[in-house]
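Notes follow once the structure below has been shown.
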Amino acid sequence: MRVQSLTLVAASAALIAPTTFPAAPPPTRPAPSARILLPGVPDRAGAPRADRSGVRLGPVPRLPARPSAPPSRVGPDAGAGARPRGEGSGQPVRAADLLARVRDCQPVSRGRYRTDAGAPADIPVCGTRDAVYWKADLDVDCDGRPGDRCNARTDPHFSPATAYTESDGRPLDAERLPYVVVPGPSDTWDHREDDVRGGSLAALVHGDRVRYAVVGDVGPSELIGEASYAAARSLGVPADPEGGGVASDVTYIVFKGSEVEPIEDTAAAEKAGERLARRFVDGD
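Going left to right, the sequence shown walks through residues -23 to -1, 1 to 261 as mature numbering (1 follows the signal peptide of the UniProt record, and there is no 0) numbers them.
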């Protein structure tokens, strides 16, 4: 979690036209004086880590979806009969194929996001008919149900809540569930308008790795580039909630209208993520 930044600069007219997907700069870390600690949690040695997520207020209400591809709702009973056209090559979707598909950017955000407080606002959210995507850093979200790795001792900014919850009403488990964090709705971008919700499927690409996750939390409305402890580990990214993560080159692709039910069903998310990624790459 990190300290929320100043208001985003106004979006330039260049955002309206397609553009080459920008590279994320190394994040600017706040000064030590900006560090925020939970009451009763002592300061710890090491580089300060910015607070991204703030207080979790619960699920963001849904809005009517924009016209898009038919919804893809995936549950534990999804099987071969539900395969869309394009699946069946027998080979996993490659990172290079997904990156080629999102090389160009048609912005759907009205402005750009920062990766960290104080960093330039230069990350647009891009979109196609079937997905929204962005390229940013990855900061580790350890919020939710406390465990051995994610708790108030390991993360000074730990919050025991997540914006979305498991089927039994408990917060998500960042240690076990790969999930991504979307920015809170704002004039810059409202994920609900692109039919992105809690449980929406996402593909994460870093290096030559492709991993699948769900949308599980909502962060500050000015910052982008965050995923759970489990998602970071799956990508081979250092998962320490305070000093881990990676400074750039993580691509987030969220498939519109998709939803895993229950949200904690990781096996269903992996299957459906591969199917939707294959469809996305093939242009179906």
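Note that beta-carbon positions come from the ideal geometry of N, C-alpha and C, so glycine has one too.
Residue closest to residue i, alpha-carbon to alpha-carbon, out of the options
| i | options | result |
| --- | --- | --- |
| Cys119 | Ala140, Tyr229, Arg255 and Ala244 | Ala140 |
| Val231 | Arg71, Lys112, Ala98 and Asp93 | Lys112 |
| Ala244 | Val182, His168 and Val191 | Val191 |
| Gly88 | Thr228, Pro218, Asp99 and Val79 | Asp99 |
| Arg169 | Lys233, Ala77, Arg78 and Val70 | Lys233 |
| Asp242 | Leu181, Pro101, Gly175 and Leu76 | Gly175 |
| Glu199 | Ser163, Gly250, Asp150 and Val70 | Ser163 |
| Phe135 | Glu219, Asp226 and Ala224 | Glu219 |
| Pro97 | Ala77, Ile201, Ala216 and Asp116 | Ile201 |
| Tyr90 | Pro160, Arg153, Tyr206 and Thr142 | Pro160 |
| Leu253 | Leu178, Ala224, Ala207 and Pro197 | Leu178 |
| Val93 | Asp217, Leu149, Ser235 and Ser225 | Reading off the sequence, residue 93 comes out as Asp, not Val. When each option's Cα is compared against that of Asp93, the closest is Ser225. |
| Asp194 | Pro101, Val157 and Val109 | Val157 |
| Asp132 | Val223, Ala208, Asp217 and Tyr229 | Asp217 |
Three-way DSSP call (helix, strand, coil) for residue i in this model
| i | result |
| --- | --- |
| Ala138 | coil |
| Val158 | strand |
| Asp125 | coil |
| Glu170 | helix |
| Val258 | helix |
| residue 275 | Outside the displayed span of the chain (-23 to 261) sits residue 275, for which this structure offers no information. |
| Asp132 | coil |
| Asp145 | coil |
| Asp81 | strand |
| Gly31 | Model confidence at Gly31 stands at a pLDDT of 46, short of 50, so the residue's coordinates are unreliable and nothing is read from them. |
| Asp164 | coil |
| Ala249 | helix |
Check: residue i C-beta below 7 Å from any heavy atom of the ligand ZN
| i | result |
| --- | --- |
| Asp120 | Looking at this structure, you won't find the ligand ZN or any other ligand, since it has none at all. |
Exposure label - residue i; buried when at least 16 CB within 10 Å
| i | result |
| --- | --- |
| Arg130 | exposed |
| Pro239 | exposed |
| Gly146 | exposed |
| Ser86 | buried |
| Arg186 | exposed |
| residue 262 | In the structure displayed, the chain extends from -23 to 261; residue 262 sits before or after that span and is not available. |
| Arg62 | No answer about Arg62 holds up, because its pLDDT of 41 lies below 50 and its placement is not dependable. |
| Ser144 | exposed |
| residue 281 | Nothing about residue 281 can be reported from this structure: the residues present for the chain run from -23 to 261 only. |
| Arg188 | buried |
| Ala249 | buried |
| Ala73 | exposed |
| Pro137 | exposed |
| Ala246 | buried |
| Ala151 | buried |
| Gly184 | exposed |
| residue 263 | No information on residue 263 is available, as it lies outside the stretch -23 to 261 that the chain covers here. |
| Gly104 | buried |
| Gly67 | exposed |
| Ala77 | exposed |
| Asp114 | buried |
| Asp81 | exposed |
| Asp167 | buried |
| Asp172 | buried |
### Task
Would you list, in sequence order, the uninterrupted alpha helix (DSSP H) runs of no fewer than 4 residues that lie entirely inside the segment 83 to 123?
The segment 83 to 123 contains no whole alpha helix (DSSP H) run of 4 or more residues.
### Task
Taking only runs that begin and end inside the segment 175 to 233, name each unbroken alpha helix (DSSP H) of 4 or more residues, in chain order.
The qualifying runs are 206 to 211.
### Meets three-Cβ-pair contact criterion under 8 Å: the segment 211 to 220 and the segment 250 to 260
Segment contact: the segment 211 to 220 against the segment 250 to 260, fewer than three CB-CB distances shorter than 8 Å; contact not assigned.
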